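Engineer: Input: one structure, supplied below.
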């Protein structure tokens, strides 16, 4: 696959997905084959796998694969829907494995650039008679088994014609010395080859409008890289007919060599441009062509196609860079504000100019360093998603989890410091905030609870909030507990406490310990950890809550860990 | 069948016209903007196209923009998704990402270049166009 000229990303993805699914199915089948009957759950799982294969194969227009997987699906569907006798495991295993073998065989062909020409007819007949047998055994239920309908997909993908017979040539041409307009002669050759070319690159590039290339061609010769279905002798035939050539040198090569271009460093093929992007998303409008200069390939108006390459850097080095930057800033301030400069009547005009330039440069340097350290919250948010999912399942709660603003970027350090507090808050929301489904229904709330995790970028800070529609914080319980723990003295009146002050109580160390979680439904488990983590990065926490309605914890954190950005 | 083709490269265009003319009358445009204009025109004349083939990398407006434009024109006219014109993207871009975006924007078929003529024909049969 990797030898192909165009990155056949779509096809690769398809093959990979099919391969994984087939493997899964085979593993299950092998587990089950020695039992008397297949487990119901296994049948479900195989059904799901084959259903996906059918869907994507239909989209890719591999009709035989689609047909056979649909038939197998029919069989499994029948077994799934009818509650009666299952066929012996060994028999079913044999049928399923035949199908998976057929499909893997087709995948191999597709993968190696051949056409998927296998016919499933025979397998279909076998599967049909197998299906009839099951149905016969199952006469009574037959009427009740719904038909497994096949829905044609709405969208199709046609992979580019795999030219298994494509040949790749490197052609070096030399022209008769003293030839006039050698570039035009070269163009005529290019033109003649275009008829048979699937792809072509030549050097020098601009042979039509740049007359200087004539000389270059005479001196160095003219190089062409050609992808075509034609044989070498066909090329010789084309190149022979009167182009004032003195030498024709044709070397056949592989696709990989072709991709590398004339010299190994140059990786340019006209059509291979777009396959080089990693981690970028396109939007409509990114493929507008700005210009097509004579003799050259297309150029996109937005230069999004540039190769982005990454290097991995040790975080310690990045931290060091940041510290050094601060050192530079400090010494810069010491230098520019130096009291030695405060001399009466000193002309500092040039000095001030230089100083200004330095300030600008270091500010740029700083923001470049900052930008390097930025990462998005999406990983962190995804972890929360899992935590909510898993905790909710353990506790038997039903919760919808919504994430907003995952794409917000923060300094790596800030993101790391956020993880622990966020985990605490999210767990608390699931554990203590959202009520059990029955309880929610009893008080007239929707059965499923909801937690919204959101991040919003504000000038120089980011607020990250966890909002739930659970039971909220109980003022009375918090105060009661605070009193027990001696956080409020006996003679203080409860009415004197504002909501804000009450909520602040739960963030005090020692307000709550683990043993008491179940005793007190008031939240505050390890909230002091949240606070101390936030303080390390100069963050703060805001708590809003209404009893019975829900609560919202908002963390405010700086986008970077440098406190004042201005120099 | 009425076909609209948008393709900016002369050689490919010539090939495509030759290939598509077998199936019907083929109008040709050289960029995305023209394609949308041509589509608009036939909508107004009430002789809509049955098939639109869009290249992706084109000047002025790329194939994705043209695709969006056409789908929006249809939406505005109250044409249901299932009744919309069949749009085939014909392109050398074969990244999963590119394909997915085209599908999300509502193309019917995504056909990688060089075009697999047999499958192309199969798909036209599937849609009942030929």
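Residue numbers (our numbering), protein chains in the order written: chain A, 952 to 1518; chain B, 66 to 195. Beta carbons: idealized from backbone N, C-alpha and C, even for Gly. Source: prediction; values computed, not measured.
I need the straight-line Cα distance from residue 175 of chain B to residue 1310 of chain A, nearest angstrom please.
Structural biologist: 53 Å
Engineer: Among residues of its own chain, excluding the 5 on either side of residue 185 of chain B, which ones have a beta-carbon nearer than 7 Å to its beta-carbon?
Structural biologist: Setting aside the 5 residues that flank it on each side, residue 185 of chain B is surrounded in the same chain by 176, each with a C-beta closer than 7 Å to its C-beta; the list follows chain order.
Engineer: Identify, in the order they occur along the chain, each residue of the same chain with its Cβ nearer than 7 Å to the Cβ of residue 91 of chain B, setting aside the five sequence neighbours on each side.
Structural biologist: 68, 70, 82, 85
Engineer: Check residue 110 of chain B in the structure and name its three-state DSSP category.
Structural biologist: coil
Engineer: Can you find at least 3 beta carbon pairs, one from the segment 1040-1051 of chain A and one from the segment 1133-1146 of chain A, that sit closer than 8 Å?
Structural biologist: no
Engineer: Please classify residue 155 of chain B: does DSSP put it in a helix, a strand, or coil?
Structural biologist: strand
Engineer: Quick one: any contact between the segment 1172-1187 of chain A and the segment 113-126 of chain B, if contact means 3 or more CB pairs under 8 Å?
Structural biologist: no
Engineer: Applying a beta-carbon distance threshold of less than 7 Å, which residues of chain B neighbour residue 1005 of chain A?
Structural biologist: What residue 1005 of chain A touches in chain B: nothing, since even the nearest Cβ is about 16 Å away.
Engineer: Which residues, in order along the segment 1103-1123 of chain A, keep a beta-carbon less than 9 Å from a beta-carbon of chain B?
Structural biologist: 1103, 1105, 1106, 1107, 1108, 1109, 1110, 1111, 1112, 1113, 1114
Engineer: So, under 8 Å CB-CB, residue 66 of chain B and residue 97 of chain B are touching, yes? Tell me the CB distance rounded to an integer number of Å.
Structural biologist: Their Cβ separation, rounded to whole angstroms, is 22 Å, which puts residue 66 of chain B and residue 97 of chain B out of contact at 8 Å.
Engineer: What's the gap between the Cα of residue 1486 of chain A and the Cα of residue 1454 of chain A?
Structural biologist: Each residue's alpha carbon lies about 17 Å from the other.
Engineer: Determine the DSSP secondary structure at residue 1227 of chain A, reduced to helix, strand or coil.
Structural biologist: Here the model assigns residue 1227 of chain A a pLDDT of 38, short of 50, so the residue's position is not dependable, and the following value carries that caveat. The DSSP-derived three-state label of residue 1227 of chain A is helix.
Engineer: Grab me the residues of residue 1281 of chain A's own chain with a C-beta within less than 8 Å of its C-beta, minus the 5 sequence neighbours each way, in chain order.
Structural biologist: none
Engineer: Given that residue 1145 of chain A touches chain B, what residues does it touch there, using C-beta distances under 7 Å?
Structural biologist: 76
Engineer: Tell me which residues of the segment 1138-1166 of chain A have at least one Cβ-Cβ distance to chain B shorter than 7 Å, keeping chain order.
Structural biologist: 1145, 1149
Engineer: Please check if any C-beta of chain B sits within less than 7 Å of the C-beta of residue 960 of chain A.
Structural biologist: yes
Engineer: Residue 1236 of chain A touches chain B at which residues, Cβ-Cβ below 8 Å?
Structural biologist: Within chain B, the residues near residue 1236 of chain A are 126, 127, 129, 130.
Engineer: Relative to the alpha-carbon of residue 1016 of chain A, which residue among A:1503, A:1285, A:1059, A:1297 has its alpha-carbon at the smallest distance?
Structural biologist: When only C-alpha atoms are compared, the closest one is A:1059.
Engineer: On the three-state DSSP scale, how would you describe residue 95 of chain B?
Structural biologist: coil
Engineer: Pull up the distance between the alpha-carbon of residue 990 of chain A and that of residue 1001 of chain A, whole angstroms please.
Structural biologist: Here the alpha carbons of residue 1001 of chain A and residue 990 of chain A stand approximately 17 Å from one another.
Engineer: List, in chain order, every chain A residue whose beta-carbon is nearer than 7 Å to that of residue 161 of chain B.
Structural biologist: 960, 961, 964
Engineer: Classify residue 1120 of chain A as buried or exposed, calling it buried when 16 or more other Cβ atoms lie within 10 Å of its own Cβ.
Structural biologist: By the 10 Å Cβ count, residue 1120 of chain A comes out buried.
Engineer: Alpha carbons only, please: which of A:1166, A:1070, A:1286, A:1100 is nearest the one belonging to residue 1305 of chain A?
Structural biologist: A:1286
Engineer: Going by the beta-carbon positions, is the gap between residue 1123 of chain A and residue 1174 of chain A smaller than 7 Å?
Structural biologist: yes
Engineer: Beta-carbon separation of residue 1377 of chain A and residue 1417 of chain A under 7 Å?
Structural biologist: yes
Engineer: At 9 Å on the CB atoms, spell out the chain B contacts of residue 1240 of chain A, in chain order.
Structural biologist: 73, 96, 122, 123, 124, 125, 127
Engineer: Might you give, ordered along the chain, the residues of its own chain that have their beta carbon closer than 6 Å to the beta carbon of residue 1009 of chain A, omitting 5 neighbours on each side?
Structural biologist: 1017, 1104
Engineer: Between the alpha carbons of residue 1541 of chain A and residue 1338 of chain A, how many angstroms are there, rounded?
Structural biologist: It is not possible to answer for residue 1541 of chain A, since the shown part of chain A is limited to 952 through 1518.
Engineer: Looking only at its chain, what residues have a beta carbon closer than 6 Å to the beta carbon of residue 188 of chain B, apart from the 5 residues adjacent to it on each side?
Structural biologist: Shown here for residue 188 of chain B: same chain residues with a beta carbon closer than 6 Å to its own, the five before and five after excluded, namely 174 in chain order.
Engineer: Enumerate in chain order the residues of its own chain whose CB-to-CB distance from residue 1141 of chain A is below 8 Å, with the five nearest sequence positions on each side excluded.
Structural biologist: 1151, 1153, 1158, 1175
Engineer: Is the beta carbon of residue 1413 of chain A closer than 7 Å to that of residue 1359 of chain A?
Structural biologist: yes
Engineer: Write down the C-beta distance between residue 1400 of chain A and residue 1421 of chain A rounded to the nearest angstrom, noting that I regard them as a contact closer than 8 Å.
Structural biologist: 6 Å
Engineer: Take residue 1167 of chain A as the anchor and find which of A:1118, A:1452, A:1133, A:1350 has the nearest alpha-carbon.
Structural biologist: A:1133
Engineer: Return the chain-ordered list of same chain residues with a C-beta closer than 7 Å to the C-beta of residue 1094 of chain A, the five sequence neighbours on each side being excluded.
Structural biologist: With a pLDDT of 49 at residue 1094 of chain A, under the threshold of 50, the modelled position of this residue cannot be trusted; read the value that follows with caution. There are no such residues.
Engineer: Can you tell me whether DSSP reads residue 1062 of chain A as helix, strand or coil?
Structural biologist: helix
Engineer: Quick one: what's got a C-beta closer than 7 Å to residue 1272 of chain A's C-beta in the same chain, skipping five residues either side?
Structural biologist: 1320
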